[in-house]
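To keep things clear, I will list the structure first and then write my remarks on it.
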Amino acid sequence: MAKIKSTLDIVMERTRNLTITQEEKDALRRKELLDRVRGWVQSLVDGKSSVSDLRSAYAEEAAQAPEARDILRSELLGHIDPDTDIDRVLDAYTDILGLDGGHIVEAVASYRSSVDTCRGEQRERLRGVLAASGVAGSAVLPNVQADPEWEALSIRLKERFRKSLR
Numbered sequence: 116m117a118k119i120k121s122t123l124d125i126v127m128e129r130t131r132n133l134t135i136t137q138e139e140k141d142a143l144r145r146k147e148l149l150d151r152v153r154g155w156v157q158s159l160v161d162g163k164s165s166v167s168d169l170r171s172a173y174a175e176e177a178a179q180a181p182e183a184r185d186i187l188r189s190e191l192l193g194h195i196d197p198d199t200d201i202d203r204v205l206d207a208y209t210d211i212l213g214l215d216g217g218h219i220v221e222a223v224a225s226y227r228s229s230v231d232t233c234r235g236e237q238r239e240r241l242r243g244v245l246a247a248s249g250v251a252g253s254a255v256l257p258n259v260q261a262d263p264e265w266e267a268l269s270i271r272l273k274e275r276f277r278k279s280l281r
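Add 115 to a position in the sequence shown, counting from 1, and you land on the number used in my numbering.
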């Protein structure tokens, strides 16, 4: 009677002669580091951890992986949403990495100003469209958020903001 092999036996038999190159090892380490850093930053953004928690996790990792700094910087910048409160992410950026966040604050202020200006222009444009169709008066308040043109414009404004951070 033939011996019944377990799944593990079959896998071990088929992978016996396979080896992983140094490049593959480095790529795997980098991906694991990237995943850990993403988890830290997401935890910070979600309010589940503090800047000091992130600082201690980063300090341990940075001692072993110098590329952790660039990855953390990139992840923090990627999580800056100008439509929300950026204080926690900005604090981590300045405190942990020791970088100046002035350009981020300026970019957010510029973005918010552009959004306010464009929203006002869109509101007036929609008022004109409504007035042309016979809907007018002081009580008319156009819904800018529902306008497809506004949606496209807000996406472009946010893309321009993202580019200004890089």
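Note that beta-carbon positions come from the ideal geometry of N, C-alpha and C, so glycine has one too. Note that the structure is a prediction, hence the values are computed from the model and not measured.
In this structure, E190 lies near V156, with their beta-carbon atoms less than 9 Å apart. R144 and S171 have their C-alpha atoms some 20 Å from each other. Scanning T134, G243, R151 and R238 for the CA closest to the CA of E266 turns up R238. When C-alpha distances from E221 are compared across R240, R151, G162 and S279, the shortest belongs to S279.
Each of T130, A183, V230 and L123 was checked against the Cα of K146, and the nearest Cα belongs to A183. Rounded to whole angstroms, P197 and R203 show a C-alpha spacing of 13 Å.
Within a 10 Å sphere around the beta-carbon of S121 sit fewer than 16 other beta-carbons, which makes this residue exposed. Per DSSP, the continuous alpha helix (DSSP H) segment holding P263 begins and ends at P263 to L280.
Short of 7 Å from the beta carbon of N258, and not among the five residues preceding or following it, lies no beta carbon of its own chain.
Residue burial is scored here from C-beta neighbours: V160 has at least 16 other C-beta atoms within 10 angstroms and is therefore classed as buried.
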